[in-house]
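Those letters in the sequence shown? Residues 1 to 141, by the UniProt record's numbering.
C-beta: ideal position from N, C-alpha, C; glycine also.
Encoded as structure tokens, the structure appears first; notes follow it.
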Amino acid sequence: MFSFHHVTLSVRDLSVAEGFYKGLGFEPVYRWQDAEGRLQICHLRLGQALLELYCFRPEEEAELPSFPPWANGFRLGLRHFALQVDDLDRALGSLHGAGMLADKPSPVKGQTCSRYVFILDPDGNSVELLEGPLVEIQRPE
């Protein structure tokens, strides 16, 4: 039912981090920035592995409550990892039925997938569940 999709890191400087991971063989395949310029996202691929880098404007650190739920506010390091599912509603129902979720979260329309939600593991780590069809990620020009 689940397959690994990506890991997300929050970084201080997107170009420095991108250069580092390119040096390790990753290739940039997607870039996005929110309309206000508060957040930049870069996807890099190495084989079948996808690394997602988040970079917030430094001044946004003081404005944690203004970020949408999927952003988890500003913090460096691991943000979440993602599992791809064929049917998000079925997956959420299964997890809820097994007692792994107290409530079923409401899916959100995604930028690179059709829908997604975030859940927390027992230690508070964020796990994204995303449903296809996925956008074909292309190398930026």
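For residue i versus residue j, is the C-beta spacing smaller than 8 Å?
i: Ser10; j: Arg79; result: yes
i: His6; j: Phe81; result: yes
i: Leu130; j: Ile119; result: no
i: Phe20; j: Leu44; result: no
i: Thr112; j: Tyr54; result: no
Would DSSP call residue i helix, strand or coil?
i: Pro65; result: Residue placement at Pro65 is flagged as unreliable, the pLDDT there being 48, under the threshold of 50; the coordinate-derived value follows with that caveat. Pro65 falls in the helix class under three-state DSSP.
i: Lys109; result: strand
i: Val11; result: coil
i: Leu24; result: coil
Quick check: is any heavy atom of the ligand HEM less than 7 Å from the C-beta of residue i?
i: Lys22; result: As presented, the structure is devoid of all ligands, the ligand HEM included, so that no description of it is given.
Find the nearest neighbour of residue i within the set the options, judged by alpha-carbon distance.
i: Gly99; options: Cys42, Asp121 and Arg45; result: Asp121
i: Ser106; options: Asp89, Gly97 and Leu50; result: Asp89
i: Gln48; options: Gly97, Asp13, Val29 and Gly124; result: Val29
i: Gly124; options: Cys113, Ala17, Leu101 and Gly132; result: Leu101
Are any of the Cβ atoms in chain B nearer than 8 Å to that of residue i?
i: Asp13; result: Annotation note: the requested chain B is absent from the structure, which comprises a single protein chain.
task: May I have a chain-ordered list of the beta strand (DSSP E) segments no shorter than 3 residues that lie completely inside the segment 29-59?
output: 39-46 and 49-56
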